[in-house]
Structure formats: C-alpha cells, structure tokens
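Accompanying notes for the structure given below.
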Amino acid sequence: MELLSYELEAASDRYGKLWLLRVLSMSVVDPHFNSPFHTLTLQRIPLRRRETLQAWDAADEYLLNHFFTEFAQRQPAPDQNVLVCNDNFGALCLNLHDYKPALYTDSHIAELALAHNAQLNNLPVSSVSVIPSTAEPACNRAKGKWDVVLMKLPKNQSWFREQLIQIKPFLHEGSKVVVAAMVKHLPHSALEQLEQIIGPASLSRAKKKARLLMADTDLQRKAPESKYPRHWQVDNARKPHNGIKLINHANTFSRDSLDIGARFFIEHLPTGIGGNIIDMGCGNGIIGIATAMQNPGHITFVDESHMAVASAQASWQANSMNEAQASFKVNDALQGFPANSADCVLCNPPFHQQNTVGDQIAQRMFRDAKQVLKPGGEFRVIGNRHLGYHALMKKLFGQCTLVASNSKFVVLSSIRC
C-alpha cells in the first residue's frame, strides 16, 4: 500500500484555477454534497463546462448514512480501519478522511479525481492512501486487518468477484463488508457472490433507488480460487493475427475472446511507421501488439486502468516481443506526454465512464492526441458508426478520412497539419 503521491496542485494542472472556478459557476447541477460527515464540493473528472451529472449518487449517500449510524456513532475514527473500494470521484473517501481510509481502485482517473476534489475542499490528500488493483489490499495498520469495507459495486462483475477474493485474507472475524449500488445496476448474482466469498449476507430495503448488500465475515468459509489473470489465444481473426497470445486481468475488457471492434481495427492498421506509436486506451494490448507486427516503431501502451496496462505488458511478454520496442504507462489519456512527440496515435476509445454512457472521455483523448502528434502524424480511430467521431476529428484536425467500414464500425484517420 502506498500513499497517493500527487501534489495537491497537480490535480488542477490540466485546467488551471480560473478554469475550475468558471466550470463551477457554469455547472448545471449543484456540486455540493451533504452527508452526516461533511458538506463537500465535488466535481466529476473530466471537467465539463455545463456538467449535468453529479459526482455522487444515492448509493454513495446510502452507504455513508449507514456507516454513520452503524459504525461512526459507536466507535471513534482512529479505532477503525476502513477500506473503500471503487470510489469514483472521492465522495466516500473525502467524507471519511478523519478515518484515514485506504482506496482500493483500478482507475487512475478515480485517483486524480480524489486529489482534485481534496484540493477543491482544502483537505489533505495524504489522509487517504491508495491501493492499485494490481497490488494486494493489505492493511498495514494496527491490528493488520480491515474492520469495515465500504464498496461501490463495480460495473464489471468479474472485478467485483475478484475484489472480494483479494480482500478476504485481510479481514477478521468481526469485519463488515457493505456494498452499495443503484437498483438498476444491481444483478441478482451480487448477493450470492458476496455470501459465497465473505460470509452471511443480507439485502437492505431500497432508498432513493439504491440498496446495500451487507455481509459478516466468516473466516471458516473458504474463498474460491481466483480465475485471473486469464490466458487465451486469438483464433477468430485473419492471418497473421491468429495465434496472438493475450493475458487478461479481471477488469480488462474482452476477457475471453477478441471483440469484434478490435478484430476489425487490426485489419486496418497503418504500416511502415517508425518513431513513436501510442496505443491509447490499450486494454489487453491487442492493437499495439498487432501494430508492432507490421511497424518498426516504438509502441507505448497507455490506459487509465491499472489492470489494463498490466494485461498489455503481460501479453507483450507472452508473445516474446522485443522488450526494447515497448513501454507501458498508467495515465489519464496522454496528460504529461510531450507535445509534437508521436508519429502515430491509435485509439479504440470507451463510450462510457463506469455506468454513465457519454463521449467525454473520447473527446479528451482526441484532443490529447492532436497535441501529442507531430505535424504530419496520424491519428487513427475505430468507433461505432453512430457515435459520429468523424465530426469531432474533422473539427479538431481540419480533415478526416474513412479508412474502412462495415455494418457496425468505421476506422477513421486524421493527419495533424
């Protein structure tokens, strides 16, 4: 476990203080979150001028109210070791900063949002430690075990199961695990998984369309073996891509077979490119690996998911690729990459952030690509036909070319002038 190392001011480097104030003043929603612990100003990352979504939901409220009633009023903060899982924008960790909680997360953007909102509320970001998903969620404090685990249910149920398996060894017989979710995102299997891995579990009544799953730890109940990382081989693509070995951790997209978008994209990659090539939003690394098979350039694999970058690196090694030809970076899009430094950026962008569908992540990725590309460098993207990426690329780059299309996807290219 390591302390979140970002300097407080780093969270606003991307925007600047005046920009933050303008965004706050132009926000459509009220950014003030009231809980039994604090009143906080919270923003979603990435920032948008007219934000229509709050940085918390009713499940966050329910979880904090439950913690206040069941735990906070019975024991003072220093006496409890609290682990928070999947806190997307700091609503949980910052309200509970007196407890010095640890955040267990796969998302680098969640880490940045925590630092950003800590700065916004003049709170010490050092009061929250961060455990990335690729590390053990160990408790390095007095007693050496977590007393309470507060979790927002992740969208990926395989990651939910894996988190419970990884957490179980660091609980004691009296540990409580409480999982919060909006009812519309709560699968029937979640309670069963919680009970199977942690111990006797129950489901709360719904409040504001949110529910809690609550479990008491049973150390006699042996957790099942982890299924991850998962090893598989591409067998549904064209030559020469069949036979590529891929390794996927639990929260990495397309865990069992090559998804149809990636399969179409690797058929239409640029060739003969030297210099620096970036696979932005790399996932398990299939795009960068396929690119390296037909280009002599250096490939940089970038993703905001710790598990995605770990999967890409493991996949690269599994295919006995040249170690010197690749580098791997957990990052928020291309933040911090030097301007005019890349010869080509490849991207299969996400069209959702957790359970929220939108193009805000893709928009930022496209802007970053333009800034990082050299003049004459190429930005090549795949997307669903209906997403309209061509309009955004034409606006940013001044032109956009259709490379290939089928009934569902388009591969688009823009050259930086």
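Heads up, the sequence shown is in the UniProt record's numbering, so the first residue is 1 and it goes up one at a time.
All C-beta atoms, glycine included, are put in the ideal place defined by N, C-alpha and C.
These numbers come from a predicted model, not from an experiment.
Sort K155, E162 and I273 by Cα distance to A180 and report the nearest one.
The alpha carbon of A180 has as its nearest neighbour, out of K155, E162 and I273, the alpha carbon of K155.
So, L92 versus L150, is the Cβ gap smaller than 8 Å?
yes
Quick one: is Q166 buried, meaning 16 or more other Cβ sit within 10 Å of its Cβ, or exposed?
buried
I need the boundaries of the alpha helix (DSSP H) containing A318, first residue and last residue.
Going by DSSP, A318 is part of the alpha helix (DSSP H) stretching over H306 to A318.
Let's test the definition: count the other Cβ atoms within 10 Å of the Cβ of L21 and tell me whether it reaches 16, buried, or not, exposed.
Here the model assigns L21 a pLDDT of 49, short of 50, so the residue's position is not dependable, and the following value carries that caveat. By the 10 Å Cβ count, L21 comes out exposed.
So A201 and A215 are in contact, right, with Cβ under 8 Å, and what is the actual spacing, rounded?
4 Å
Is it true that the CB of M365 sits closer than 8 Å to the CB of C347?
yes
Taking buried to mean at least 16 other C-beta atoms within 10 Å of its own C-beta, is A72 buried or exposed?
buried
Look at the alpha carbon of Q335 and the alpha carbon of M182, and state the distance between them as a whole number of angstroms.
32 Å
Going by DSSP, what residue range makes up the beta strand (DSSP E) through D147?
Unbroken beta strand (DSSP E) run through D147: W146 to K152.
Express the C-alpha separation of Y62 and V125 in angstroms, rounding to a whole number.
24 Å
Which runs of the alpha helix (DSSP H) fall wholly inside the stretch 366 to 407 and span at least 4 residues, in chain order?
389 to 397
Per DSSP, what are the beta-bridge partners of T300 in this structure?
I278 and S327
Within 10 Å of its beta-carbon, does A324 have 16 or more other beta-carbons around it, so buried, or fewer, so exposed?
The residue is exposed, with fewer than 16 neighbouring Cβ atoms inside 10 Å.
Could you have a look at C139 and say whether DSSP puts it in helix, strand or coil?
In the structure shown, C139 sits in coil (DSSP, three-state: anything other than H, G, I, E or B).
By Cβ distance, which residues of its chain are closer than 8 Å to S189, with the 5 residues on each side in sequence left out?
Q157
For the stretch 150 to 215, which segments carrying the alpha helix (DSSP H) assignment without a break, of at least 4 residues, lie completely within its bounds, in sequence order?
157 to 167 and 189 to 197
Can you name the start and end residues of the alpha helix (DSSP H) that R263 belongs to?
I260 to F265
By Cβ distance, which residues of its chain are closer than 6 Å to K408, with the 5 residues on each side in sequence left out?
none
Give the range of the beta strand (DSSP E) segment to which H231 is assigned.
In the DSSP assignment, H231 falls within the unbroken beta strand (DSSP E) covering R230 to Q233.
Can you have a look at C417 and say buried or exposed, based on whether 16 or more other CB atoms are within 10 angstroms of its CB?
exposed
With DSSP collapsed to three states, give me the class of P338.
coil
Going by the beta-carbon positions, is the gap between K209 and A58 smaller than 8 Å?
yes
How is the alpha helix (DSSP H) around Y62 delimited, first residue to last?
A58 to F67
How far does the alpha helix (DSSP H) with C417 in it reach, from first residue to last?
Here C417 belongs to no alpha helix (DSSP H), and DSSP marks it neither H nor E.
Which same chain residues end up closer than 8 Å to T39 when comparing Cβ atoms and leaving out the 5 residues on each side of it in sequence?
H32 and F33
For S127, does the three-state DSSP call read helix, strand or coil?
helix
For D87 and chain C, any beta-carbon pair shorter than 8 Å?
Within the model displayed, chain C is absent; a lone protein chain is all it includes.
On the premise that A262 lies in contact with I286, defined as a C-beta separation below 8 Å, what is that separation, rounded to the nearest angstrom?
5 Å
From the DSSP secondary-structure annotation, give me the bridge partner or partners of A91.
In the DSSP output, where bridge partners are listed per residue, A91 has none listed.
Comparing C-alpha positions only, which one of A113, L47, S315 and H116 sits nearest to Q233?
With distances taken between CA atoms, Q233 lies nearest to S315 out of A113, L47, S315 and H116.
Alpha carbon to alpha carbon, how far is K239 from R44? Give it in angstroms, no decimals.
43 Å
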